[in-house]
Structure formats: structure tokens, C-alpha cells
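Order-wise, the sequence lines are chains R and P.
If you count the first sequence from 1, you need to add 413 to reach our numbering.
If you count the second sequence from 1, you need to add 413 to reach our numbering.
From the three backbone atoms N, C-alpha and C, an ideal C-beta is built for every residue, glycine too.
Everything numeric in this text was worked out from a predicted model, so none of it was measured.
There are 2 protein chains.
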Amino acid sequence: MSSDKQRVYLFDTTLRDGAQTSGVDFTLSDKVTIAGLIDRLGIDYVEGGYPGANPTDTAFFAEKRTSRAKFTAFGMTKRPGVSVSNDPGLATLLAAEADAICFVAKSWDYHVTFALGTTLEENLDGIRLSVEAAVARGREVMVDCEHFFDGFKANPDYALACARTARAAGARWVVLCDTNGGTLPHEIEAIVARVTAVVPGDFLGIHAHNDTEQAVANSLAAVRAGVRQIQGTLNGIGERCGNANLVSIIPTLKLKPEFADRFEIGVSEDALRDLTQLSHAFDELLNRAPNRHAPYVGTSAFATKAGIHASALVKDPKTYEHIAPESVGNRRRVLVSDQAGKSNLLAELARFGIEVRKDDPRLDTLLAEVKRREAEGFSYEAADASLELLARRTLGEVPEFFKVKRFRVTVERRYNARGELMTVSEATVKLAVGDDVLLSAAEGNGPVNALDAALRKDLGQYQPFIADLELVDFKVRILNGGTGATTRVLIESKDGQDNRWFTVGVSENIIDASFQALMDSVVYKLLKAGAPVLGITTAAAAE
Amino acid sequence: MSSDKQRVYLFDTTLRDGAQTSGVDFTLSDKVTIAGLIDRLGIDYVEGGYPGANPTDTAFFAEKRTSRAKFTAFGMTKRPGVSVSNDPGLATLLAAEADAICFVAKSWDYHVTFALGTTLEENLDGIRLSVEAAVARGREVMVDCEHFFDGFKANPDYALACARTARAAGARWVVLCDTNGGTLPHEIEAIVARVTAVVPGDFLGIHAHNDTEQAVANSLAAVRAGVRQIQGTLNGIGERCGNANLVSIIPTLKLKPEFADRFEIGVSEDALRDLTQLSHAFDELLNRAPNRHAPYVGTSAFATKAGIHASALVKDPKTYEHIAPESVGNRRRVLVSDQAGKSNLLAELARFGIEVRKDDPRLDTLLAEVKRREAEGFSYEAADASLELLARRTLGEVPEFFKVKRFRVTVERRYNARGELMTVSEATVKLAVGDDVLLSAAEGNGPVNALDAALRKDLGQYQPFIADLELVDFKVRILNGGTGATTRVLIESKDGQDNRWFTVGVSENIIDASFQALMDSVVYKLLKAGAPVLGITTAAAAE
């Protein structure tokens, strides 16, 4: 850290404004976990919620939940018409176990009179008295000026009076909020420039929303114009279109010279290398699939499909990547697609640890096979494990651990004896393993589920190797019209060590396609687990 | 349109750069449909692909696919070391049925010598000769300057020489591409300002990628700095983190005074009101769930969860919404009130020709049922026929034409007598129609196909009414992880008069979900065809 750089502070509101996201509903335990993630990342302020607003938030503020970051409670300034000591909401807020308090205050004159139903002067008094009370209580104080930019356009003097009042009363930060999210970067820049004449940038923050897809740009434009605190959320969650995405903002501040040369933040280079993992862990907690195309941290953020780019990329990645993927804990992916050439394939094989010379004729066989299968509907871009199996098979390295002799899946819908309509799915699978022949049957809540259960019910001597195999996700894509269409099934599996792998199957028959992907998943697991090759005896194979 | 506004042109590359998105794989029929969507929106240029690069793109350029937009073919400038007339790639491009040709050319000196392996001078010659050849062929020509911004930082003179050469040779547009996507808005603005000294902004375009989550901001910053063409994609699809999202850019250009007061685009206010529907239709085509939080068009883009905002919002929406949701075909969602849902439903019913009074208690029953089913995973946005059936059933108007007493579907995979692996799908369906009980069996190339064949094989006296029913499309979406997940099936049907209708089914069991959607399709057809009600006799029902 060079001392001539200016410090920019990061404020995370995932647990407060992020909790406004439709479909998101944090438990107390979620909040504890997420606060830990944010704290370890090196964020300066963790806003934990609104104590007094609901039992979860109140319980969350019963103790301090961060070790490095300042633990921050959110709440309203005192209500009009009551004194500071007679406002129960304010009392709860002041009593919260927090290092800092973030008040929200109206700064658009229309909202003061219309939504709050008070006078402009009383609103300023409310800001002043609330800030003073929190400062007296020993808290670091900040004031979120709600609707600041829309308010400034309507009545700049009043918006500025709110900012000036907050600062004069002792607030460490005056945060300019684009509450409706419709302000554009150049408006932000122009208005911030006018605010800094009243409150210096060192005391200003920005709180942007993504309603024009410019929350990141608005936040960075504000920093350029002088503000020194950025409020945002993990993965940009938040009401409507979300808040400014800290996961995109942090790498830009750390890695892009326009910012990195002038500013420093609390996130270390080591912490930055955990960013991809952190972003995915947060999605896991929200029980949603990570956005493959997320800037910096998405699985596809450094993926190349085009053959011509790929060959140059392998030669000199820097000229095709705007940052080094490793710096944010991500990695380069060269996709194998029908546009791909040998160099894509070689790069993938190297990643699997398969060494093969560029002029090896088996490489041409493999490439031809990949292209033939992709024309049939296979897609290996998102099915690493199936590609690795195909490659190892073509190079002659995958043993036949076991053989499926036949399977049958039945789905029956009928009225039972009590006249209720019911659907039953059942599968039987007959396997040869070593010199055993095993017949397993299982029910499921659908045909693929039943087939999966029957296949993995008894793999004989291999059973211990697949005991921790778990199916995480199952995707179906119909590749062309009609019920007689080609179906592609993509399966995500994981094991007890949290290894994850993806397999694919393609067929006119959805059950067949699912079976292929299931088989690849099981065989891949056996291969990686180093299962011994038993050899299927002639007798077992013939039975 | 006031004449003092400047025209900004929109260029859609969904079908070319968007096709680089991992997991996206357009068929010829997809391309035709998507080109139609973009054309109707009022985009100026539709880039359809790279004729000669693959059979789909070549076939797509066998005829012109747009009526209003200029149909544009993408390709490389002539290869080094061959003449224009001896370059087969260039010949294919020139022969394509296109109004315009977009050449990609290197403008970063390092890439010219390193990746292309040619001299700086020969690269300029390639640009000049290729542009001249396309102009001579009567095409409108543009040149995508690849890596323009990184190239400009490395060697501004050479990057500018590429731009100048393209324009001097007759290119209508010189497009500045941020190929690696790492350039920030202020860099874009500063560099564009320097380019306009060489090529005026009226001839410049911007092509931005979203690697720092600022593709929209970069595109708009470039327009502010003088460029007059924006390249982007529907819903921001594209390689890595995607291209600039036209669905976010268009409303900003149309509705935000900073742009709307100075510029005009080819998208009308009417077309803008179709934007939400277009964005969702495109996701449907990609078989993926629309992003609920997408700016302007997301289901949650105008949703408010907080009670305090919600009540003020109902009083005066303008102060809580940055634009009117209706202007982009979206709507306000206040999650505490059913009012919006009711009026929406009434509008849908009116569209079906169902008259019902707003205070009819059956309307509340129907609304509750729709909400219950949507919570279960049904989606009626894309399944009109199922919604109409549900409404008519709740209002007591759909007869029971026939009854499915039971069905069974079997999929078996085994070795046949000749030792070949084969999969057979078979279904039986038992129906009561009037006083007949009919048992039909059929094979298919998959379980749903077999079930469909058995169901429609013999509908007794109703058979003539469904003789022209045809399944056009079948889509499966897994709504949550694992093989035991909820499955939504969407079926598109049509008849001999080319009427098309969409039905939906949801279940843990994919066969059940498919059956529901198939049944809705058949019943809908019987209803619309005015089939008589035979009444199922007690004897037939009991058998």
C-alpha cells in the first residue's frame, strides 16, 4: 500500500437492502453465515438489518457479529412529533449491539410533506437530533439520504440542507441514495460534484440501484467525482433489479489502473482470490444456480468458444483476457464446440491431465467423434466429465467396471381402491459386476428418479465407491420441436468431498438420455475414486 | 419526431456474437424466429451470422430474413497473401443474400503481427481491399475494429490508421470494439473523443462487452462522446459475460431525457410496449427462465416488498418508479395487494371472450387458484389455452368430454436376439367416451411420444375433431435441483387452420406433467371445435 493512495470504504447491505429481494428470506443462521463471509472478505461495514423491525433482525443484533468490519444497524430517524427519548424505534436502534448506526432520512421535499406528512424544517430537526443521540451513545453514525438524486433535481437546496445537517450533527458519512435507481452515471457525477461543495467527498457515500443496468457504473462514477464510500450487496441482490454488485465493483477497484493507482480498499489480494468461491457460496446459500455469465466470477467469465480466439488464447492469454482469471479465483475455460479446433481440445485435455501430442492420430479421431456427437445434440461445454470420459475412452483408458444388461421403467397412472388418482414410477435394472448378476428394483417420484435409484441401489463390490455420490441438478433441453424430438439431459453430481462434475446424455428418448448421463456420472466417480477393475466374467455377461 | 434530434442506429448481433454464448446453440428455425422478433422491434441492423463458417449460417443467408432491418452478414477481411478474388471465405460472404456486410479486422498492432502473423501494412491493405470489394458488390459495409480500445492504448496511431483506412475505403460504419470487455466508461469516452478527430462520430459505432458489468454504461458513454451506432444483443447474451444488453439500452434511450431529448432511434413507442413480452419470448426460445430482476423487463423490476413503500406507491407511483412500467409493457407489482392481479386477470378473460363482473366471487376463487398453481410451478404467461380452460372450469363451463381411466408407459432397454442394444417405449391408455370404454396401445421413440400416440389413437366419436391436431413443440423445464425435482412441461399444438395454442403441466413426474399438458391440448381443441357432449355413462365410468 502506497501512502499517497486514497482510501475508499466498502459498505455491504446484503443483509438489509438485499433482504428486500423478492424470494429472499434470511434466517438468523443464514445471517450469521453471510456476515462471516463478508467480514472475511475485508468489507469495512456490514449492515446487518433493522433491529426492532422483525424478530430475526432484533435477535441478530443481540451480539456483535463481525470481527473486522464495523457491525452496522439500520433504522429510521426519530418520528415527527415525539422527542428522541420518547421514540421506541430509535431506542431499540440505539440499544442494538452495533458499532455503527445508519439512519435513513428523506431528502426529497415532496416525500417529506407527502409520504412523511411533516414539515421540511421538522425533518431536518429529526436528522439532527437522531444523529446527535447516536453520536452521544458512542456510535459511528451515517445518514442514508433517501431519493437524494431525484430530490436534488426537484429542490437542490433542500437536498443539500439535509446533507449539511447530517454532517454538522456529527455523522461520519452522508450517503447519497439513488432509491428509485433511475439516475444515469453522468447525472450522478454532476450532482456529486455539486454536493462536494457543501460536504467534502471524504464524508460522502453512494448507494445505487440497478434499474437501468448501471448500478456499478453509477457507483464508480461517484467515486471519480469524490465520494469515498460505496454501498452494495453480494452478487447484486436487492429490491427490484438489485443493488450495486460489490462482487463486480471490488475487482475493478483492485485491478483496473484507473482506480487501483489512485485508491485502496480493505480487500487484500488474498481475499480477492477467494471472490469466485465466495460468490458461489452465497448463491448456494440462496439455493440458486450461480449466474454463469457474472462478471469476474461466472463460470463463463473467461470462457472462449471460437476456435480462432482459442488458438491465440493458448499462445498468449493476456491479450484475450482483461484481467488474469486467477486474481479473482476464477479460471480460463476453452470450450469445445463445433467451431472448435484441435487447440481447444488439447487445452481441455491438458486440464484433465491427459498428455497427448498434437500430431497423435488419436486426437483426430477424438475431434471427429466430438464433432459427430455435437451434431447429434451433445454439448460438452457444460459437461466436463462426459468429455473426459469420451477422451479417455478414445485413448483407450476407461475400463468397463460393470455392464447394464437391461433396464425397464414403468409409469402408471390409475385410480386406486379408494378411487384416488395416483401415479407410480418403478424401475428395474439388471447389471453384471465381476461374476455377479444383480437385479435391482426401485420406485421414484418420476421415471428418471426411479431409474437412478435402481441403478445405484446395488452396484455390488463397487457400492462403497459411489455411496457418497449425490445428484445435485438435472436439466432437460428439447433440441427440436414435437414430442418425438431429440432430448439432451445434463446432470450435475457431487460427492462427499464436494467435488462436482457434469455429464450429458442425448437421445430421442428422454429416459435413454438420462440413463447415459447417469451412467457417465457413476463411471466418472468410479474412475476418480480409483475403483479396481473386476472384469466381467463371460458367465455373468451371458446370463 | 423532432427534426433537431440526432439519429442513433441500433445493431443487433444476437444471432452472431450472441451465438458465442456458452450453452446457446441456435437452429435455423430459431434464427428465423429471432430475426423476426428483432426486425419487428425496429432495430436497424440484424446481424444474422457468419455465412460459410457453418452449415446453419450458410443456409440462413440463402435468403433475406428481415423486412425492415438491414440484414447483415459477418465475416473476416481477406486473408493475407491472397488476392480478393482468390479468397474463398470472402467470396462466400460477398455472395450471401445480405444488405450489409460487417467485416471484422484487427486494429491492435500486437494481434496483427502475433495472432494474424502478417505485417501492419498488409492488414491495412486487407481492410481497404475487402471494403472496396463489398462496396463494389453494392453492400453497405461496416468494419468491426477488434480490440480497438486495447489497441489504441498500445499504439494509438495504428488503431486510428485502421479506422481511417476503413472509412476512406467506403465503409459506412467503423465500429470500435471492446473485444476483451475490460475498458471502463471514462476510458471509452476519452478514446472516442480522440477517434472523432479522425473519423466523425456519425460514422462510428460501439461494440461493448459486460466483463466489468458496464457494457450498457460503456455503450451510452460512447454515444455521449459522439458515436451513432450501438451494437448489442437481446437480453445481453454473448461470449463470457455477454454483450451490451439492447433490452436495457433501448428504454434508456427512449425514456430518459438525457438521451431522449437529443437522440431518436428506430424503435417506436408501440414497439417499446412490446419489449417485456419480447424479452420473455426470447428466453422461452432459449429454454431458460427469464431473469426476474432484469432492468425494465424483469417480473420484479417494478415490484415492492416493503410495506411503507407499497402504501405510498399506491398513492403516487411516479415518486417511487423511475419510469412508467407500462411504457415497456411491464407492470407494477405490489406484493401486499391482490388488486393488480385481479385487473390483470379480468383483462385476460376479456381476451378469451369471457365476460365476468369485477365483484363476481368466482373471480376471487379463480385468482386464488391461479396463484396456488403458480406457487406450485405452473406458469400461465406462455400457456393461454391452459389458463382459458382453468378459467372456464372455475366458471363451470367445460364439459367432461371423456375420461382417462388409467395409463401406463414403459421404457425398456435391452439386447435383442441379434445382440443389439435397443430401447422400446410403449404406452397403453384406457378411456371412457360416452358409453364406450376404449383401450389403446402405441409405441413411440420416447415415453411422452408413446403416451401421446396412445391417447390420440382412438378417441371414439371425438376422433374426427382431433384428426388435424398436431404437436409442434414440447419444452421441459426442471424447476429445482435433483432428479426428484418439479418438472414443467409446455406444449405447443396446432390444427389444420393453423390455429396454435399452448398448454402447460406441472408435476414431480415428467410423464404426469406431459400428460396434463397433452390432455389440456386435446380438451381445448374439442372445445374450440364445438364437439358435442356425449356424457360418460355410469357403466363406462365404472368399468
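So residue i is in the beta strand (DSSP E); what residue range does that whole segment cover?
| i | result |
| --- | --- |
| GLN644/P | 642-645 |
| SER840/R | Note on identity: in this sequence residue 840/R is Ala, with Ser being the wrong assignment. 834-846 is the span of the beta strand (DSSP E), which, as asked, contains ALA840/R. |
| ALA855/R | 849-857 |
| SER920/R | 913-920 |
Return helix, strand or coil for residue i, following the three-state DSSP convention.
| i | result |
| --- | --- |
| ASN656/P | strand |
| TYR463/R | coil |
| ARG805/P | helix |
| ARG827/P | strand |
| GLY894/P | Because GLY894/P carries a pLDDT of 49, less than 50, the predicted location of this residue cannot be relied on, and the following value inherits that uncertainty. The answer is coil: DSSP assigns GLY894/P none of H, G, I, E or B. |
| LEU810/P | A small correction: the amino acid at residue 810/P is Glu; Leu does not occupy that position in the sequence shown. Note: GLU810/P maps to coil in three-state DSSP. |
| ALA702/P | coil |
| VAL497/P | helix |
| GLU545/P | helix |
| VAL822/P | strand |
| GLU782/R | helix |
| GLU553/R | strand |
| LYS444/P | helix |
For a cutoff of 7 Å on Cβ pairs, would you count residue i as touching chain R?
| i | result |
| --- | --- |
| VAL421/P | no |
| GLY742/P | no |
| CYS654/P | yes |
| VAL837/P | no |
| THR625/P | yes |
| ARG821/P | yes |
| VAL824/P | yes |
| ILE663/P | no |
| SER750/P | Its pLDDT being 36, under 50, SER750/P is placed unreliably in this model, and the value from its coordinates should be taken loosely. For SER750/P, the answer is no, since every Cβ of chain R falls outside 7 Å of its Cβ. |
With DSSP as the reference, please indicate the residues paired to residue i in a beta bridge.
| i | result |
| --- | --- |
| GLN419/R | PHE676/R |
| LEU589/R | CYS558/R, ILE619/R |
| TYR458/P | PHE424/P, LYS483/P |
| PHE765/P | PHE765/P is not bridged to any residue. |
| GLY488/P | PHE516/P |
| VAL817/P | LEU844/P |
| ARG746/R | ALA716/R |
| GLU534/P | Bridge partners of GLU534/P: none, in fact. |
Where does the unbroken alpha helix (DSSP H) through residue i begin, and where does it stop?
| i | result |
| --- | --- |
| PHE887/R | Looking at the DSSP string, PHE887/R is not in any alpha helix (DSSP H); the run it does join, the beta strand (DSSP E), is 883-891. |
| VAL605/R | 598-608 |
| SER632/R | 628-638 |
| GLU905/P | Note, GLU905/P: premise wrong, no alpha helix (DSSP H); beta strand (DSSP E) at 900-907. |
| ASP405/R | The structure shown does not extend to residue 405/R, since chain R is modelled only from 414 to 956, so the question has no answer here. |
| ILE514/P | Not the alpha helix (DSSP H): ILE514/P falls in the beta strand (DSSP E), residues 513-519. |
| ARG509/R | Reading off the sequence, residue 509/R comes out as Ala, not Arg. Looking at the DSSP string, ALA509/R is not in any alpha helix (DSSP H), and its letter there is neither H nor E. |
| SER934/R | 923-941 |
| ASN648/R | Taken as a continuous stretch (DSSP letters only), ASN648/R belongs to no alpha helix (DSSP H), as it is neither H nor E. |
| PHE870/P | Strictly speaking, residue 870/P in this sequence is Lys, with Phe absent from that position. It spans 860-870 - the alpha helix (DSSP H) in which LYS870/P sits, taken as one unbroken run. |
Can you tell me the Cβ-Cβ gap for residue i and residue j, rounded? I've got them flagged as a contact below 8 Å.
| i | j | result |
| --- | --- | --- |
| LEU783/R | ASN743/R | One point to set straight first is that residue 783/R is Val, not Leu, in the sequence displayed. Contact flag wrong, Cβ pair sits at about 25 Å. |
| ILE601/R | ASN631/R | 5 Å |
| GLY488/P | PHE473/P | That pair is no contact at about 13 Å. |
| THR609/P | ILE540/P | Rounded, the Cβ-Cβ distance is 19 Å, inconsistent with contact. |
| LEU960/R | VAL497/R | Past the boundaries of the shown model lies residue 960/R; chain R is included only from 414 to 956, so the question cannot be answered. |
| ARG701/R | SER713/R | In fact, because the Cβ distance is near 17 Å, the residues do not count as touching under 8 Å. |
| LEU864/P | PHE820/P | 6 Å |
Does chain P have any CB closer than 7 Å to the CB of residue i?
| i | result |
| --- | --- |
| VAL629/R | yes |
| HIS693/R | no |
| HIS735/R | yes |
| PRO738/R | no |
| THR426/R | no |
| ALA953/R | no |
| LYS888/R | yes |
| ARG429/R | no |
| SER632/R | no |
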